[in-house]
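Residues in the sequence shown are numbered from 1 upward in steps of one, following the UniProt record's numbering.
Think of the CB as a built atom: it goes at the ideal place given N, C-alpha and C, for glycine as much as any other residue.
What follows is a short report on a single structure.
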Amino acid sequence: MSAPHPLTARQPSPDDLLVLLAVARLGKFSAAAEALGVNSTTASRRIAALEKVMGGRVLVRESGDWELTELGRGALVVAEEIERSLQHLATPLQTRRDGVAGLVRIAASDAFAAHVAVPALARLQENYPRLSIELISATRRVRQNRSGVDLEIVVGRPDVHRAVARHLTDYHLGLYASDSYLASHGHPADLTALAEHRLIYYIESSLQIDELDLAAKQLPASPIGLRSTSVFAHVEATAAAAGIGILPVYLADRRPELRRILAVEFDHRISYWTVAREEALRGNTVRAVLDALRAEVRARASELRGGCG
């Protein structure tokens, strides 16, 4: 018996592939279904149909979210091509000639996203009105499968596969306290004196970045203070006299009520890196976004790199 002709063999449905793309990006069937305007049952049924055609699992459950399998990552490449083709058809000819259009998804730490990325990207969109940006702010290690993210800005040098990592800039962490806190609790004479003060920083069990963890390990054990996954909560808690904060200098120096203390003894340097897939960097749109971020970093080099070292 002869093998089926390629055109008559069953192939994955483009609609099923787009559902896979949404689940990979959002991590949950419910969120993907809402984004696509369907119900969760329909989304689940489409993934089941895709797996039947492809002959294996494309998604597995990990830590509460759905992650791509090796088979799923192969299907994702095709799904992204389908999405790009649909966006291309919907984009006016003149915009296509400019080459900077469509949707770019960026993952970055909270502080970098708010104070560096947002102003740079707002100006870029003024020049390219057909450019859309989705900015995911979270402080975590680099994603190895990079599903649904075109560009990442991560803290610390990343170990990546099938991607390009480049150093973006350095920044510094310092110790800060409010005037009211220092008036009530005194000014620590040296680092060992911090053992008598509450420190404000990340929740140790949720901290995934080694470079941020090393900063806290330079300091003596201190009474339990306020801990948060948000750097902005660190700044506000320090301003509210909840303790001494370990803060990015470029954030804390904006606040007139905060004073940097023990600057010579504690000045922890950390780096920001960009990570993107090679195929994403070949496109004008992601390159334009990366160039805008680099230009913003250069323009604010003294602010970002402010430190004692």
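Beta-carbon gap between residue i and residue j smaller than 8 Å
{"i": "L258", "j": "V231", "result": "no"}
{"i": "I47", "j": "L20", "result": "yes"}
{"i": "S228", "j": "I203", "result": "yes"}
{"i": "V53", "j": "N284", "result": "no"}
{"i": "P223", "j": "R255", "result": "no"}
{"i": "G225", "j": "A241", "result": "no"}
{"i": "E265", "j": "D190", "result": "yes"}
{"i": "L26", "j": "A79", "result": "no"}
{"i": "T42", "j": "A49", "result": "no"}
{"i": "P188", "j": "L262", "result": "yes"}
{"i": "S137", "j": "D110", "result": "yes"}
Residue range of the beta strand (DSSP E) that includes residue i
{"i": "S271", "result": "268-276"}
{"i": "S178", "result": "164-178"}
{"i": "S132", "result": "131-137"}
{"i": "D65", "result": "65-68"}
{"i": "L26", "result": "Taken as a continuous stretch (DSSP letters only), L26 belongs to no beta strand (DSSP E), being part of the alpha helix (DSSP H) at 14-26."}
{"i": "L103", "result": "102-108"}
{"i": "E152", "result": "151-155"}
C-alpha gap between residue i and residue j, whole angstroms
{"i": "R294", "j": "E152", "result": "13 Å"}
{"i": "A253", "j": "L59", "result": "Per the sequence shown, the amino acid found at residue 253 is Asp instead of Ala. Each residue's Cα considered, the two are about 45 Å apart."}
{"i": "Y176", "j": "P220", "result": "16 Å"}
{"i": "I133", "j": "A280", "result": "15 Å"}
{"i": "Y272", "j": "Y201", "result": "19 Å"}
{"i": "V155", "j": "F112", "result": "10 Å"}
{"i": "E196", "j": "Y181", "result": "13 Å"}
{"i": "R84", "j": "R10", "result": "23 Å"}
{"i": "Q208", "j": "L124", "result": "31 Å"}
{"i": "L192", "j": "A237", "result": "Residue identity differs from the one stated: residue 192 is Thr in this sequence, not Leu. Approximately 22 Å, taken between the alpha carbons."}
{"i": "G306", "j": "H161", "result": "32 Å"}
{"i": "A299", "j": "G55", "result": "52 Å"}
{"i": "D65", "j": "V23", "result": "9 Å"}
{"i": "T95", "j": "V104", "result": "Because the pLDDT of T95 is 49, which lies under 50, any placement of that residue in the model is unreliable, and the question is left without a value."}
{"i": "R61", "j": "S13", "result": "23 Å"}
{"i": "R166", "j": "A183", "result": "44 Å"}
{"i": "A288", "j": "I82", "result": "22 Å"}
{"i": "L131", "j": "A31", "result": "23 Å"}
{"i": "R260", "j": "K217", "result": "19 Å"}
{"i": "L194", "j": "Y171", "result": "23 Å"}
{"i": "A108", "j": "H185", "result": "36 Å"}
{"i": "A129", "j": "A122", "result": "The sequence given here has Pro at residue 129, not Ala. Straight-line Cα distance between these residues: approximately 10 Å."}
First and last residue of the uninterrupted alpha helix (DSSP H) at residue i
{"i": "R57", "result": "Neither: R57 is in no alpha helix (DSSP H) and is coded neither H nor E."}
{"i": "D213", "result": "210-217"}
{"i": "V264", "result": "Taken as a continuous stretch (DSSP letters only), V264 belongs to no alpha helix (DSSP H), as it is neither H nor E."}
{"i": "L251", "result": "249-252"}
{"i": "E236", "result": "231-239"}
{"i": "A292", "result": "284-299"}
{"i": "R123", "result": "118-127"}
{"i": "S30", "result": "29-36"}
Own chain residues within Cβ distance below 7 Å of residue i, not counting five before or after
{"i": "E303", "result": "Y250"}
{"i": "D15", "result": "R46"}
{"i": "R57", "result": "E51, T69, L71"}
{"i": "E211", "result": "V155, G156, I270"}
Contact set for residue i: own chain, Cβ-Cβ below 6 Å, skip 5 residues either direction
{"i": "E296", "result": "V116, A120"}
{"i": "I106", "result": "L135, L151"}
{"i": "H268", "result": "L173, A215"}
{"i": "N39", "result": "A33"}
{"i": "D213", "result": "L207"}
Cut-off 8 Å between Cβ atoms - residues of its own chain near residue i, not counting five sequence neighbours on either side
{"i": "S44", "result": "F29"}
{"i": "L168", "result": "I153, S271, Y272, W273, T274, L293, R294, V297"}
{"i": "A301", "result": "T169"}
{"i": "A276", "result": "D150, L151, E152, A163, V164, V286, L290"}
{"i": "L36", "result": "L18, V19, A22, A43"}
{"i": "L89", "result": "none"}
Residue i beta carbon near the ligand GTP (any heavy atom closer than 7 Å)
{"i": "V19", "result": "Annotation note on the ligand GTP: not contained in the displayed structure, which lists no ligands."}
Whether or not the region 60-73 and the region 110-122 are in contact is what I'm after, with contact meaning three or more pairs of Cβ atoms, one per stretch, closer than 8 Å; do they touch? No, the region 110-122 does not touch the region 60-73.
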